[in-house]
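These notes are about the structure you will find just below.
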Amino acid sequence: MSKLMFVFGTRPEFIKLYPVIMEARRRSHDVVVVNTGQHREMLDQLLDEMGMAADFNLKIMTQQQTLADILARTLSPLDQVVAQVKPDHLFVHGDTSTTLAGSLIALYRQVPLSHVEAGLRTFNKYSPYPEEMNRQLTGVLTDYHFTPTEVTRGNLEREGKDPSRIFVVGNSAIDMLRYTVRDDYTHPVLDEVGDRKLVLITVHRRENISELGQMFSAINDVAERYAETHRLVYPIHMNPVVRRAADEYLTSSNIRVIEPLGTTDFHNILSRSHLVMTDSGGIQEEAPSLGKPVLVLRDTTERPEGVAAGTLRLVGTGREDIVREAARLLDDPEEYQRMATIANPYGDGTTSQQIMDVMDKVIADAG
Ligand code: UD1
Ligand code: UDP
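To convert a position in the sequence shown, counted from 1, into my numbering, add 1178.
Pasting the structure below:
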């Protein structure tokens, strides 16, 4: 038995670490869960839903926090927790500011670091921002890289990471879908959509904040043009800047803006949607596995597997580009069918078991 610390602070980190934490517990490890509290409501909601309580909550979130705020407010409290708990291993996920803070503290306290969802790259410093550099910096500090695919393994190898410390394990987002998606699911939003086709929207990225006007105008155009046949549903992010822009630009009555959904709700509504328009990272992994075409409202993606599989299309943030690509799919059933193939580039839902198999061996070898 070993003391394993899991550090997360935002919605996607929790969603993808939850199955790993459960697997570690199943194997009777001494698991310590640390929530930096970079997100508040959006994360508390998910912890409650999954019945998980963090052992430590650093509660660092402030309204409209800057990148420096998050890091500065996390480092010392997290350092104290790690000094007190003395974990044998520390796990971080992905590419948020919490990820970077966790990686730095693992270095400062000389705790071996495991990075889940390692190796995703655009090689563009400012897109996504600051995630690309968060994950590159974390990669430099990582001892065990748990990477989703052969493509992402290649990224790590080209950077000179030790191949014997890179493990291709799929993405634990798929493990999570196995916890959440159900055939008998119902929700009032689905009742309201009725016979129309559901277009699911999410938008939150920092590098897109200055583009929100044109992105929301495009979404508004799509809502108006397809009002008789489609219904747009947008579980909005808590970021007040995003909310203000949505208030200003999303004027169509054919867009239903709702509060952030729990993961079970989001995954089930995603699985019943017709089309997704998003700048999210994680949704680009979930949608191919559910056969849902995604228009990626970004200039870059670190998920080329979904583009290759045909489910993702990178459309950028321009108003005309977004409307044109949406129309292409909504007007042309053959084009739609081509994209709506079920492809799962991210493994078979056993990522957490594979990660813990590696960990158990690492622990056994360390004696
Ligand atoms: C963060 C991550 C991003 C990830 C995203 C997932 C960084 C720098 N960014 O971006 O990589 O894709 O989470 O959603 O780590 N807020 C609330 N309540 C909440 C959450 C956020 O009020 O529960 C508001 C606060 O005003 C906060 C702001 O949203 O200051 C932005 O939150 P922040 O975590 O800084 O950025 P995200 O855009 O959520
Ligand atoms: N998600 C959720 N509720 C929502 C919107 C998204 O649970 O209302 C989930 C979604 O299924 C995915 C994750 O949150 O697993 C993606 O989070 P987000 O888009 O905030 O971050 P990113 O993946 O871009 O880092």
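For every residue, glycine included, the Cβ atom is placed at its ideal position computed from N, Cα and C.
Cα-Cα separation between residue i and residue j, rounded to whole angstroms
i, j, result
"residue 1380", "residue 1388", "16 Å"
"residue 1188", "residue 1198", "16 Å"
"residue 1182", "residue 1538", "11 Å"
"residue 1230", "residue 1196", "9 Å"
"residue 1433", "residue 1243", "28 Å"
"residue 1442", "residue 1364", "11 Å"
"residue 1417", "residue 1423", "10 Å"
"residue 1468", "residue 1452", "11 Å"
"residue 1509", "residue 1529", "38 Å"
Cβ neighbours of residue i in the same chain (closer than 6 Å, five flanking residues each side left out)
i, result
"residue 1273", "1309, 1312 and 1313"
"residue 1527", "1352, 1353 and 1356"
"residue 1287", "1260"
"residue 1496", "none"
"residue 1371", "1409"
"residue 1553", "Nothing about residue 1553 can be read from this structure; the chain reaches only from 1179 to 1545."
"residue 1277", "1270, 1312 and 1316"
"residue 1190", "1460"
Assigned exposure category for residue i - 16 Cβ within 10 Å defines buried
i, result
"residue 1366", "exposed"
"residue 1490", "buried"
"residue 1245", "exposed"
"residue 1545", "exposed"
"residue 1338", "exposed"
"residue 1322", "buried"
"residue 1264", "exposed"
"residue 1304", "exposed"
"residue 1457", "buried"
"residue 1462", "buried"
Other residues of its chain near residue i: CB distance less than 7 Å, five sequence neighbours each side excluded
i, result
"residue 1499", "1493"
"residue 1302", "1310 and 1478"
"residue 1247", "1240"
"residue 1179", "1206, 1207 and 1208"
Cut-off 8 Å between Cβ atoms - residues of its own chain near residue i, not counting five sequence neighbours on either side
i, result
"residue 1257", "1283, 1286 and 1287"
"residue 1210", "1181, 1182, 1183, 1184, 1233, 1234, 1263 and 1265"
"residue 1437", "1413 and 1414"
"residue 1440", "1223, 1224 and 1227"
"residue 1335", "1341 and 1344"
For the segment 1296-1313 against the segment 1323-1339, are there 3 or more C-beta pairs whose distance is under 8 Å? yes
Report yes or no: do the segment 1469-1483 and the segment 1516-1534 share at least 3 C-beta pairs separated by less than 8 Å? yes
Would you call the segment 1363-1377 and the segment 1335-1355 touching, i.e. three or more CB-CB distances under 8 Å? no
Touch check for the segment 1204-1214 and the segment 1382-1398: three-plus C-beta pairs under 8 Å? no
Name all residues in chain order for which at least one heavy atom of the ligand UDP lies closer than 5 Å to the residue's CB. 1189, 1190, 1193, 1413, 1438, 1439, 1441, 1444, 1458, 1459 and 1460
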